[in-house]
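> Residues 37 to 363, numbered by the numbering used here, are exactly what the sequence shown covers, in order.
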Amino acid sequence: MSQTYAIIAETREGKLRQVTFEAIEAARQAKGENDQIAAVLIGHQVSELAEELARYVDGPVHAVDRPDLAVYHAEATFAAASAALNELSPSAVFLGHTAIGRDLAPMIAARLEAGQISDVTAIESAEDGSPLYVRPLYAGKAFERKRFVENAGAQIVTVRPNNFPAAEPLPSSGPVVVSSASPLPSLRSAVKEVVRKTSGKVDLTEAKIVVSGGRGVKSAEGFKPLERLAEALNAAVGASRGACDAGYCDYALQIGQTGKVVTPEIYIACGISGAIQHLAGMSQSRVIIAINKDPEAPIFKIADYGIVGDLFEVVPLLTEEFEKALS
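1) Rounded to whole angstroms, what's the CA-CA distance from V350 to C285? Just pull it up for me.
2) Candidates D281, C280, S276: which alpha carbon is nearest Y303's?
3) Just the C-alpha distance for A175 and L315, rounded to the nearest angstrom, thanks.
4) Does the stretch 75-87 come close enough to the stretch 189-207 that 3 or more CB-CB pairs lie under 8 Å?
5) Tell me the rounded alpha-carbon separation between I364 and V107.
6) Would you say G278 and V298 are within 8 Å of each other, going by their C-beta atoms?
7) Restricting to Cα atoms, I'd like to know which of P331, P211, V246, Q39 is closest to H98.
8) How many Å lie between L206 and A256 at the Cα?
9) Using DSSP bridges, identify the partner residues of I144.
10) For G258, does the three-state DSSP call read helix, strand or coil?
11) Looking at the structure shown, is F184 part of a helix, part of a strand, or coil, going by DSSP?
12) Applying the criterion that 16 or more other CB atoms from any shown protein chain within 10 Å of the CB defines a buried residue, is L131 buried or exposed?
13) Which ranges would you report for the beta strand (DSSP E) in the stretch 303-331 if only whole runs of at least 3 residues count?
14) Label Y169 either buried or exposed according to how many other C-beta atoms from any shown protein chain fall within 10 Å of its C-beta, with 16 as the threshold for buried.
15) Whose C-beta lies closer than 6 Å to the C-beta of R147 among residues of the same chain, with five residues either side of it excluded?
What follows is the structure, encoded as structure tokens:
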């Protein structure tokens, strides 16, 4: 008997987020041969995005389009998602391990009386063919493989951004159902204003390249060379907790155990010593480049490439060379 795997899509500034396509790829790896993938899209004026999303799934796309869903609100989004999931009756639900995904997933799991596996970075196959979900432990020092108990009901999975390849479009599109859903419940809170504090044009958690600064940048002004390098590389700017605590930048840029977890293809650490709390947020990056004038800095122990030197001399030189090469 075929089953349905549902994706909760995420949007940002009128576009589908990259992690949505990565969640679709994860679902493709987990599902059986005869199973289908459906999608749930929640927001306002999302009909075009629903058509785009339909190119990647072979099941229906349920788009809930309401003006009061234009901005993410936990209670409202959960109510709309629950209505859509009730129609789909999925055996599994996949979300990105993002701020929104981490907020919604446990609520959906409780509503569906489902088990949940979070922060999945890979999917392997058990001897019986069932999926094994790989997730990091102890700040990335170890990994565990988990599976859902057979016949345990619905399953909830969140996938870490930048760990699965983005799904490729299918030859044919699934059907699109756009609705306004049933009236939302009385909400206990309301979103009055959204203040965005970003690291630039590129989303930090989904960036392929991250340029990050630590206490070695010395001041807020010291981040400007890093921002120029990031602009040249179409990268996001991040920071260590030390830089944030010192007031050099906003905590929205913080990477580490108490900040964001990133897994870019290239991570450039500038003036970062490499404290264990910071490594917890970036040690799974594919290539790590460290720039530090202290040759004994712990960051060099995990770096693939290291430059011993003053970042205020090295970073502008790198920026100049990258601009020449990329022009």
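Yeah, the Cβ is synthetic: ideal placement off N, Cα and C, and Gly gets one too.
With the given structure in hand:
1) Position 314 of the sequence shown, counted from the first residue, corresponds to residue 350. Position 249 of the sequence shown, counted from the first residue, corresponds to residue 285. Looking at the two C-alpha atoms, the distance is approximately 21 Å.
2) For this step, residue 303 is matched to residue 267 along the sequence shown. The shortest Cα separation from Y303 among D281, C280, S276 belongs to S276.
3) As a position in the sequence shown, residue 175 is number 139, starting the count at 1. As a position in the sequence shown, residue 315 is number 279, starting the count at 1. About 8 Å.
4) no
5) Examination of residue 364 is not possible in this model, given that the chain is present from 37 through 363 alone.
6) Position 242 of the sequence shown, counted from the first residue, corresponds to residue 278. Position 262 of the sequence shown, counted from the first residue, corresponds to residue 298. No, Cβ-Cβ distance for G278 and V298 is not below 8 Å.
7) Here residue 98 refers to the residue found at position 62 when the sequence shown is read from its first residue. Nearest option by C-alpha distance: P211.
8) Taking the sequence shown and counting its residues from 1, one reaches residue 206 at position 170. Taking the sequence shown and counting its residues from 1, one reaches residue 256 at position 220. About 46 Å.
9) Position 108 of the sequence shown, counted from the start, is the residue given in the question as residue 144. In the DSSP output, where bridge partners are listed per residue, I144 has none listed.
10) Walking along the sequence shown from the start, residue 258 turns up at place 222. DSSP places G258 in helix when its eight states are reduced to three.
11) Counting from one through the sequence shown, the residue named residue 184 turns up at place 148. The answer is coil: DSSP assigns F184 none of H, G, I, E or B.
12) Position 95 of the sequence shown, counting from 1, holds the residue named residue 131. It counts as buried.
13) 323-328
14) Here residue 169 corresponds to residue number 133 of the sequence shown, with the count starting at 1. It counts as buried.
15) Residue numbering aside, residue 147 sits at position 111 when the sequence shown is read from its first letter. For R147, where only same-chain residues beyond five positions count, the Cβ hits under 6 Å are S118.
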